[in-house]
Amino acid sequence: MSGDHHTPWTLAGEKETPVDFLDYLRGAVIRKASGLPAAAVRRPMTGSGTSLLGLIKHLTRVEIAWFQYAFAGADVRVPGDDLADDDEPHSVIDDYQTAVTVSNRIVAAAADLTQPAKRSAVAPEPMSLRWILVHMIEETGRHAGHADILREQIGSVGR
Numbered sequence: 026m027s028g029d030h031h032t033p034w035t036l037a038g039e040k041e042t043p044v045d046f047l048d049y050l051r052g053a054v055i056r057k058a059s060g061l062p063a064a065a066v067r068r069p070m071t072g073s074g075t076s077l078l079g080l081i082k083h084l085t086r087v088e089i090a091w092f093q094y095a096f097a098g099a100d101v102r103v104p105g106d107d108l109a110d111d112d113e114p115h116s117v118i119d120d121y122q123t124a125v126t127v128s129n130r131i132v133a134a135a136a137d138l139t140q141p142a143k144r145s146a147v148a149p150e151p152m153s154l155r156w157i158l159v160h161m162i163e164e165t166g167r168h169a170g171h172a173d174i175l176r177e178q179i180g181s182v183g184r
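FYI, my numbering numbers position 10 of the sequence shown as 35, with every residue one higher than the one before it.
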């Protein structure tokens, strides 16, 4: 993996700061799956069947579920987590990047972090944009750590 990537040194506003950190984590997950053979990123590396590509597919689902479906209230199909036979690294990563772009547009258009979601996802009530951003930082950060370990198991270490 080329280049060293550091935590964002951001002095941005209330919405921009969490988005900068979330984008940093999103990029880390993509970098972990990049530059490896398709078979390696598809291969389950744990007893539960977790693979690098499966992590990205899962993160695509949660991006769409929390930002598009719950927060924006969009009439969208929330995809599943399971890899299909025809899922290729480039298509899964492209889908994730598209979901991230839409998520960031939704956040940018929001009035402020206290704005509630239009509907509930899995929470008992519609959550605020602040809660959703913090949750997505936690969710993406946890899976970025998993991706670190999976990539190392494949035999390629890097930040």
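The beta carbon of each residue, even a glycine, is placed where N, CA and C say it ideally should be.
- Between residue 89 and residue 124, the beta carbon gap of about 5 angstroms places them in contact (Cβ cut-off 8 angstroms).
- Your pair residue 120 and residue 75 does not check out as a contact, with CB atoms roughly 18 angstroms apart and the cut at 8 angstroms.
- Around the Cβ of residue 175, a 10 Å sphere holds 16 or more other Cβ atoms; the residue is buried.
- Under the Cβ criterion (8 angstroms, minimum of three pairs), the stretch 62-69 does not count as touching the stretch 43-53.
- Judged by their CB atoms, residue 41 and residue 138 are not nearer to each other than the 8 angstroms cut-off.
- At a cut-off of 3 residues, not a single continuous stretch assigned as beta strand (DSSP E) sits fully inside the stretch 109-169.
- In this structure, residue 58 lies away from residue 104, with their beta-carbon atoms at least 8 angstroms apart.
- Cβ-Cβ separation between residue 172 and residue 80: approximately 6 angstroms, consistent with a contact (criterion under 8 angstroms).
- Residue 130 and residue 97 have their C-alpha atoms some 11 angstroms from each other.
- Taking 8 angstroms as the cut-off, the Cβ atoms of residue 95 and residue 144 count as close.
- With distances taken between CA atoms, residue 101 lies nearest to 127 out of 110, 116, 127 and 82.
- With fewer than 16 neighbouring CB atoms inside 10 Å of its own CB, residue 36 falls in the exposed class.
- The beta carbon of residue 141 is closer than 6 angstroms to those of 151 and 153 in its chain, skipping five residues each way along the sequence.
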